[in-house]
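*Asks:* Counting in the working numbering, the sequence shown runs from -10 upward without gaps. Sharing a structure with you now.
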Amino acid sequence: MITPIKLAFLLLFIIATATAAPKAKRRNYLFTPHAKAVAGICTVVLTNTSPCCKTLKHVPTDDPIELIRALAAATESSVKRSVVFLSEIKPKHKSNATAAAVINSCEKNLKYALEDFTDFWNATGKDVKTLAHNYFTCKKKLMSIMGYHWTCLDDIDDKNLLKETFFDAEIKKMKVKNCYFPLFVSPGVLEKEKDHIEGFAPEVAWVTKSGKSDLEVPIAIRPTSETVMYPYYSKWIRGHRDLPLKLNQWCNVVRWEFSNPTPFIRSREFLWQEGHTAFATKEEADKEVLEILELYRRIYEEYLAVPVVKGMKSENEKFAGGLYTTSVEAFIPNTGRGVQGATSHCLGQNFAKMFEINFENEKGETEMVWQNSWAYSTRTIGVMIMTHGDDKGLILPPKVASVQVVVIPVPYKDANTQGIFDACTATVAALSEAGIRAEEDLRDNYSPGWKYSNWEMKGVPLRIEIGPRDLENDQVRTVRRDNGVKEDIPRGSLVEHVKELLEKIQANMYEVAKQKREACVEEIKTWDEFIVALNKKKLILAPWCDEEEVERDVKARTKGETGAAKTLCSPFEQPELPEGTLCFASGKPAKKWTYWGRSY
């Protein structure tokens, strides 16, 4: 959630990094001596030169040293404004010990950044190269403070609500820092990695106007952030002590999807997290790929109650420009389609080569870093809805339901209505005190039956009903959303029973979904069996020769017959492949078992 505090910090960060919106074309300044001097400095100190040029455009000197000093002064001024801002919001959070401690910590770190700038002004080296290097040092530390800002604000927003997302907490254990990078991407940066952008090119949205004026150069809206972030990585990473670098951002991206957009599954704008990490060795990168993939599996299976398969994507289906891609794959029995739930990519050194992300190792030798990227999005919500929904509406797993229990009064004519309402309120209070997310529905303009249907449609895992007979017997009635089972529970042991029921609902939802998924898996050996299974909307496990051309051929042949099929993943847990097994599509020796099917 973007609170006023978080928004203010974000604005201050935007100022601090001198990020400027693109302007309509103006040519009278471009080729003056001052413009050339500014461009030269900005090329030295920043990869993306337009914000830097905007900052220095009105500095009345062509002296490179003075221009660097002006750039440092502007950044230092922004840090000071951040410190002032923190001092202004302190009184508001004085009564909250957690928030006050976090603000004090942020303030302390910003003051450390100011000390770095003091060192910059007192630096002995006065030549352009030394000043530029010193400025880099200050800016790099300031960017680290930016990550700390985001962490602080997470703490203020989340810990006051006594919650922290599972994934965010887990990656923090892995020393991953949260950050935020710009939404807009220049064409030059976006197109720098041709293999990467080729996979996204049809879906890239472009900004071509500023008001009524055409932009001289269109600006892309990020489809993903590799090309936005990696120019900075090349500046921040200099030696082996700068590694590993692990950043994650929670943000929105735009992919201009025109063919069959589906809410939550394939939409033009969606929210996601994307992690980008850099390591000194491939072994470190490989290890993290699998660690992150396991976290994604846990999100689906332990929280969303959705069974998934962990596996390797084919060369045709891997992330464009990456070395290899792993994924968790879900399957929707009702539609007979697979869904890529989340991906964890090893990018290898391709992006490091394109963006010159090098480091000096312990022996003084220059090497390229090894990089990963990984992401999951609001698609998780769509997968959960399609897996668990029924004709009545949503069915939410208790672990992710915003309301786990709804308490509904069932008064009869001449009954003690106020007493029933009071019992509902007391029940919610007892459950809430025990950490259960509960809510009472005391609206008197709807019947109990209407409320039952309304809350069932919303997917609340457990309903508690309290009527006159329940008051007399000192009990409540529980009704499960997942299977409709009703049970009368003594009020004295209500909290313990509800906790147990929520655990049972969570486990049952996963087991039911797993059984449905397993019933859809069909193992085949021949092309004819493949087509029959595909027409039956099955998740197909088939022996494959692992050749790209064969995969493309399968996709082309099935497109005309039943709707295109493709590889979903080759599972890490491979069934035994007897010697002499042939590929179902080519007749060549099979190398692995692979899941095939239609997909979203």
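For every residue, glycine included, the Cβ atom is placed at its ideal position computed from N, Cα and C. In this text, all values refer to a predicted model and were calculated from it rather than measured experimentally.
1) Can you check DSSP and say which residues form a bridge with V242?
2) Is K555 near W516, with beta carbons less than 8 Å apart?
3) Could you check the C-alpha separation between Y222 and E283 for me, to the nearest Å?
4) I need the straight-line Cα distance from G264 to P532, nearest angstrom please.
5) Alpha carbon to alpha carbon, how far is Q393 from L420?
6) Quick check on the burial criterion: 16 or more other C-beta atoms within 10 angstroms. Buried or exposed for N167?
7) Taking the alpha-carbon positions, what's the T583 to Y285 distance?
8) Does DSSP classify L142 as helix, strand or coil?
9) In three-state terms, what does DSSP make of Q464?
10) Of the residues S202, P176, Y292, which one's Cα is nearest the Cα of Y499?
11) Using a Cβ-Cβ cutoff of less than 8 Å, which residues in the same chain neighbour A502 once the five nearest sequence positions on both sides are dropped?
12) Looking at the strands, I want to know which residues DSSP matches up with F561.
13) Excluding the 5 residues flanking G327 on each side, which residues of the same chain have their C-beta closer than 6 Å to its C-beta?
14) Closer than 8 Å is the cut-off here; do at least three beta carbon pairs connect the region 397 to 410 with the region 449 to 468?
15) How about K235 and T270: do their beta carbons lie closer than 8 Å?
16) Assign L383 to one of three DSSP states: helix, strand, or coil.
17) So A158 is in the alpha helix (DSSP H); what residue range does that whole segment cover?
18) Would you kindly check if the distance between the Cβ of P479 and the Cβ of P387 is under 8 Å?
19) Got a sec? Which residues, its chain only, sit under 7 Å from I210 by beta carbon, not counting five neighbours each side?
20) Counting pairs of Cβ atoms below 8 Å between the region 421 to 430 and the region 468 to 488, do you hit three or more?
21) Quick one: what's A335 bridged to in DSSP?
22) In whole angstroms, what is the alpha-carbon distance linking G337 and D231?
23) Does DSSP put R432 in a helix, a strand or coil?
24) Go through its chain and collect everything with a Cβ distance to A412's Cβ below 7 Å, but skip five positions before and after it.
25) Under a three-way DSSP split, which group does A574 fall into?
26) For I92 and I374, what's the separation of their Cα atoms in angstroms?
27) Taking its Cβ as the centre, do 16 or more other Cβ atoms sit within 10 Å of T113, making it buried, or is it exposed?
28) DSSP has A62 in a bridge; who is on the other side?
29) According to DSSP, what are the bridge partners of K342?
30) Tell me which same chain residues have a C-beta within less than 8 Å of the C-beta of L279, skipping the five on either side of it?
31) Would you check if the region 562 to 581 and the region 505 to 516 touch, i.e. whether three or more CB-CB distances between them fall below 8 Å?
32) Residues in the same chain with beta-carbon distance under 7 Å from R541, minus the five sequence neighbours each way, listed in chain order, please.
33) Expressed to the nearest angstrom, what Euclidean distance is found between the alpha-carbon atoms of S442 and D379?
34) Could you tell me the boundaries of the beta strand (DSSP E) in which F170 lies?
35) Measuring CA to CA, which of N472, V543, S84 is closest to L385?
36) Any heavy atom of the ligand GTP within a distance shorter than 7 Å of the CB on G353?
*Replies:* If we stick to the structure as given:
1) Bridge partners of V242: F259.
2) No, the Cβ-Cβ distance between K555 and W516 is not below 8 Å.
3) Rounded to whole angstroms, Y222 to E283 spans 26 Å at the Cα level.
4) G264 and P532: Cα-Cα distance of roughly 33 Å.
5) The alpha-carbon of Q393 is positioned some 10 Å away from that of L420.
6) N167 is classed as buried because its beta carbon has at least 16 other beta carbons within 10 Å across all chains shown.
7) The straight-line gap from Cα to Cα measures roughly 20 Å.
8) A caution first: L142 carries a pLDDT of 42, below 50, which makes its placement in the model too unreliable to give a value.
9) In the displayed model, Q464 falls within a strand according to three-state DSSP.
10) Nearest option by C-alpha distance: Y292.
11) Answer for A502: A294, V295, P296, T376, H377, listed in chain order.
12) F561 pairs with nothing; no bridge assigned.
13) E318, F320, L557, G586, S588, listed in sequence order.
14) Yes, the region 397 to 410 is in contact with the region 449 to 468.
15) Their beta carbons are not under 8 Å apart, which means K235 does not touch T270 by this criterion.
16) Looking at L383 - three-state DSSP - the assignment turns out to be coil, as it is neither helix nor strand.
17) Taken as a continuous stretch (DSSP letters only), the alpha helix (DSSP H) holding A158 covers 155 to 162.
18) With respect to P479, P387 sits apart: the two C-beta atoms are not nearer than 8 Å.
19) Within the same chain, Cβ atoms closer than 7 Å to the Cβ of I210 are found at L172, F173, A194, V196, V243, the five residues on either side in sequence being excluded.
20) Yes: at least three Cβ pairs fall under 8 Å.
21) Here residue 335 turns out to be Cys, not Ala, going by the sequence shown. The partner list for C335 (beta bridge, DSSP) reads Y313, N361.
22) Spanning the two alpha carbons is a distance of roughly 18 Å.
23) Residue state, collapsed to three classes: coil.
24) For A412, where only same-chain residues beyond five positions count, the Cβ hits under 7 Å are I455, L460.
25) A574 falls in the coil class under three-state DSSP.
26) Using only the alpha carbons, I get a separation of about 39 Å.
27) Residue confidence for T113 is low, a pLDDT of 46 falling below 50, so the modelled location carries little weight; the figure read from the coordinates is stated next. When all chains shown are included, T113 counts as exposed.
28) Partner(s): none; A62 has no beta bridge.
29) Paired residue(s): none; K342 is not in a bridge.
30) T315, S333, listed in sequence order.
31) The region 505 to 516, when compared against the region 562 to 581, does touch it at the 8 Å Cβ threshold.
32) Closer than 7 Å at Cβ, skipping near neighbours: N305.
33) Here the alpha carbons of D379 and S442 stand approximately 13 Å from one another.
34) Run containing F170: none; DSSP gives neither H nor E here.
35) Closest by alpha carbon: N472.
36) The ligand GTP is not among the ligands present in this structure, which contains no ligands whatsoever.
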